[in-house]
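**Q**
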Amino acid sequence: MNTIAIILVIGLIVFTIALSIFSRRFTRTTADFYLAGRKVGSFSNASAISGDYLSAASFLGVAGAVYASGLDGVWYAAGFAGGFMVVVLFIASALRRFGEYTVADFAFGRFGSNRIRLITVLAVLLTSLFYMAPQMFGAGTTWQVLVGKGFFGMTPYASGVVVVAGIIAFYVAVGGMKGTTLNQIFQFWWLMFAMIMVVVFAFGSGFNYPSALAEASKTPIVNTKSLTIAELTTPDAATGKTLYDSAATIMTTAEMATVDEAIAAAAGDEKVKIAVALPSKNKLHELRDMLFAEPGHRYNAFDQFSMVLALVLGTAGLPHILNRYYTNPSGAAARRSTFWVLVFIGTFYILAPIAGLAGISIIRDYLAGGGTITAANVHGLLVKPDQIMPMMAEILGGQWLLGIVSAGAFAAMFSTVGGLLIASASAVGHDVYEKYINPNASEAKRVLVGKISVLSFAALALGIGLAIPKFGLDQAYPALIAMMVTWAFSVGASAFVPMLLTGIWWKGTTERGATAGIAVGLFSAIAIIFLNIFQQLGIVGKEGILGFFGALTFPVLFTFPLGLLTIIIVSKIDGQLPKNVDEIWMRIHGTAHERHEKQHGLDKVGSMFAKSK
Amino acid sequence: MGDSTMTAADSGVQIQHGDHIDTIESVDLVFRAQRKLSFTYGAVFFAVTLAIPALSVWWKSWYAVQIWGGFTANYLFVSLLYYVFLWGMAWTYSKQADKLDERLGEMADVITATAAAKGSETE
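Top to bottom, those sequences are chains A and B.
At position 40 of the first sequence (counting the first as 1) the number is 40 in our numbering, and the numbers step up by one without a gap.
For our numbering, add 1000 to where a residue sits in the second sequence, where the first one is 1.
(1) Taking contact to mean at least 3 C-beta pairs separated by less than 8 Å, is the region 549-564 of chain A in contact with the region 516-531 of chain A?
(2) How about residue 1088 (chain B): is its C-beta nearer than 8 Å to some C-beta of chain A?
(3) Where residue 102 (chain A) and residue 133 (chain A) are concerned, what is the direct C-alpha to C-alpha distance, given to the nearest angstrom?
(4) Rounded to whole angstroms, how far is the Cβ of residue 1105 (chain B) from the Cβ of residue 591 (chain A), which I believe are closer than 8 Å?
(5) Could you tell me whether the Cβ of residue 1066 (chain B) comes closer than 8 Å to any Cβ of chain A?
(6) Would you kindly work out how many angstroms separate the C-alpha atoms of residue 582 (chain A) and residue 1032 (chain B), rounded to a whole number?
(7) Hey, residue 310 (chain A) and residue 556 (chain A): beta-carbon distance below 8 Å or not?
(8) What is the DSSP secondary structure of residue 439 (chain A), reduced to helix, strand or coil?
(9) DSSP beta-bridge partners for residue 224 (chain A)?
(10) Candidates A:287, A:283, A:306: which alpha carbon is nearest residue 295 (chain A)'s?
(11) Mind listing the chain A neighbours of residue 1035 (chain B)? Cutoff is C-beta to C-beta under 7 Å, in chain order.
(12) Which ranges does the beta strand (DSSP E) cover as unbroken runs of at least 3 residues, wholly within the region 1029-1091 of chain B, from first to last along the chain?
(13) Short of 9 Å Cβ to Cβ, which residues in the region 68-95 of chain A face chain B?
(14) Taking the alpha helix (DSSP H) that residue 72 (chain A) belongs to, which residues open and close that run?
(15) Using a Cβ-Cβ cut-off of 8 Å, state whether residue 1096 (chain B) counts as contacting chain A.
(16) Got a sec: is the Cβ-Cβ distance from residue 193 (chain A) to anything in chain B below 8 Å?
(17) Keeping to the same chain, check which residues put their C-beta closer than 8 Å to that of residue 344 (chain A); ignore five residues upstream and five downstream.
(18) Give the straight-line distance between the Cα atoms of residue 174 (chain A) and residue 17 (chain A), rounded to the nearest whole angstrom.
(19) For residue 1024 (chain B), which residues in chain A fall below 8 Å Cβ to Cβ?
(20) Residue ranges of each alpha helix (DSSP H) run of no fewer than 4 residues wholly in the region 208-275 of chain A, ordered along the chain?
(21) With the cut-off set at 8 Å, would you say residue 89 (chain A) and residue 424 (chain A) are in Cβ contact?
(22) Can you name the start and end residues of the alpha helix (DSSP H) that residue 373 (chain A) belongs to?
(23) Considering just the uninterrupted stretch of the alpha helix (DSSP H) at residue 1022 (chain B), what are its terminal residues?
(24) Using 10 angstroms around the beta-carbon of residue 607 (chain A), count the other beta-carbons present and answer buried if the total reaches 16, otherwise exposed.
(25) Is the distance from the Cβ of residue 155 (chain A) to the Cβ of residue 409 (chain A) below 8 Å?
(26) Would you mind telling me which residues of chain A sit closer than 8 Å to residue 1108 (chain B), beta carbon to beta carbon, in chain order?
(27) Any contact of the region 316-324 of chain A with the region 73-92 of chain A, i.e. 3+ C-beta pairs under 8 Å?
(28) So the candidates are A:254, A:366, A:286, A:381; which of them puts its Cα closest to the Cα of residue 395 (chain A)?
(29) Bridge partners of residue 381 (chain A), per DSSP?
(30) Please confirm if the region 235-242 of chain A is in contact with the region 204-224 of chain A, defined as three or more CB-CB distances below 8 Å between the two stretches.
(31) Alpha carbon to alpha carbon, what distance is there between residue 1097 (chain B) and residue 165 (chain A)?
(32) I'd like the span of the alpha helix (DSSP H) that includes residue 536 (chain A), first residue to last.
(33) Would you say residue 1072 (chain B) faces chain A, with C-beta separation under 8 Å as the test?
(34) Verify the CB distance criterion: does residue 1004 (chain B) have a CB-CB separation below 8 Å to chain A?
(35) What is the DSSP secondary structure of residue 464 (chain A), counted as helix, strand or coil?
(36) Taking the runs of the alpha helix (DSSP H) that are 4 residues or longer, which of them lie wholly in the region 151-215 of chain A?
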């Protein structure tokens, strides 16, 4: 039992709840609940956006992806950061100037129809669910490593998912956006502290960045996988070789003897899983060995571009991030916030790949020296790369560092899922309930509906988290957390970004065009992602048109242009601009409001803790 | 919006906040200048960002030659220098956009004042 580590995590949870209860007294109106009263300063907002953005994918997933895939994994970090340039250049200040509460509000205000508001709400909910899934998976896997035990008859994984979903639901429902903002600021700095600590400890143990990179690139990358005996021993139809044969080319005689023992112990049960190490292929330059410092472990040429586009465009399509821009006091503040976000997360993303690389030699040397770890491992490597951060922390700094990192992992999940719950709740509570179901509801009732929405989506997130291992997704993809996050990015990039870009920058965009663009982008992206999942699970073959689309790891290279083209073509054919298009245009690009606020000092950041009248 | 000083003319020609007025002409001026700035920076950003995978596919010296310890130019850029590029771009863009806002705000006030002066002369 990791007592100290568990105490540190409990400390984080207690502090988180205390912050929410503290901020509860300052949440009276819907503007407080959803937008923290629009009084969040650039530095605070940048910290909160960074906390919102740095999820389990960033804290556990990036290091895990680098550990498993080298340079292709580093791209996650660079792409996650690069996405904010699209936000600052094209979206941030216009969105804030337009005002309102949510992305659906923008769509309604810009195009003036209930239809576009509702499809935007649907897209917000689906994107949020795609993004919640990896956070919940991260919660379960971190609990496995940290506590290693379940409660009430649940597995350790399920217990982690239940605990995280329950705590976040509580603190978001109690604290609203003010509580969530405060928590995200604290959680971001805890994450940063934890990442710095791991890297400092790694350097302290003798890690040298250029040398370690050279060492890791001397021999080809080795893949680890947990396979059923059937998968291991069934010959490939084309080559006649089994994965057992491939494993034998990598693993030592002693390691293969362990595999043989496990097969014998299974006594004919072909569903028993055994961890093996397998050779890797270079998908980009097929004639070259797959080395750590070179691209190609995960992505072929097509996916190299798709992945970059998914990450840089996807950030601008994340509803919980876009919502945060409404909490800035002005358009200029929105830009400043984004600059600070880039500084904060850039620093974090420079460190995460260092941790992933350091993990290779630290884990290998520790195991070779006779050390034991709780995580499954084979050939000196972790079977689940997403566990590299807590495992490395335990080896380098014992329970204290494991506690700091585990608390960081939970902080990452709390802050991101908190933001997603607020975004989902505002989509249902604000965009649907307040606009269509009960427009005359009192402030207290609106806030109550927001809280009920939070609890409902937390329950949904819980269900998704529990379902992931049941469908075998954790075995179908290496570094699943980072992978699932890029799916959410793909959905957001395809559904929202074409509408936002054309809505802000092309006056000729019509309601029909924007609605069609959202629908085409949203559903085409989801369809391709599911085809990919089905192909990985062996439900869809690799032949034909379905096989082609199913092989696309990231659909954005198709679905973003498809959504954009749909908007342009339908708008051109339609030609029905809103009657008040000039007025709308002035709301997006006009500066009178900001000049007025500046003149009277109203653009200054007030206190988030002022009580609303 | 937060304070209730906004008045929108029925014709959709202007929006007033206190002493400050946006006309469709002044807003178009802002829009065009902002578009030029944003899309110029956007072009540079996407050119550099997409050049990285392009070089990873086609230029061996970029992805396969070690230049410092185990660092290839590709690894060094993606893991470190790309962030310096992003910070530089975001900083200069924010500063330029702020200056642009100020300049255009002053111009919009001049347009408003001129229109008001003309109006009072006519009366």
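Virtual Cβ for every residue (Gly too), placed ideally from N, Cα, C.
**A** Short version:
(1) yes
(2) no
(3) 22 Å
(4) 5 Å
(5) yes
(6) About 15 Å.
(7) yes
(8) coil
(9) A:277
(10) The candidate whose alpha carbon is nearest that of residue 295 (chain A) is A:283.
(11) 505
(12) 1066-1068
(13) Within the region 68-95 of chain A, the qualifying residues are 70, 71, 74, 75, 77, 78, 79, 81, 82, 84, 85, 86, 88, 89, 90, 93, 94.
(14) 71-86
(15) no
(16) False, the Cβ-Cβ gap to chain B never drops below 8 Å.
(17) 46, 47, 50, 188, 192
(18) 9 Å
(19) 582, 585, 586
(20) 209-216, 229-233, 243-250, 253-265
(21) no
(22) Where residue 373 (chain A) is concerned, there is no enclosing alpha helix (DSSP H), given that its DSSP letter is neither H nor E.
(23) No alpha helix (DSSP H) contains residue 1022 (chain B), which is instead part of the beta strand (DSSP E) from 1020-1023.
(24) Its pLDDT being 47, under 50, residue 607 (chain A) is placed unreliably by the model, and the measurement read from it follows with that caveat. Burial call: exposed.
(25) For residue 155 (chain A) and residue 409 (chain A), no; Cβs fall outside 8 Å.
(26) 591, 592, 595
(27) Touching, yes.
(28) A:366
(29) A:378
(30) no
(31) Cα to Cα, residue 165 (chain A) sits roughly 41 Å from residue 1097 (chain B).
(32) 511-536
(33) yes
(34) Note that residue 1004 (chain B) has pLDDT 34, beneath the 50 cutoff, so the model's placement of it is unreliable and no number is given.
(35) helix
(36) 156-204
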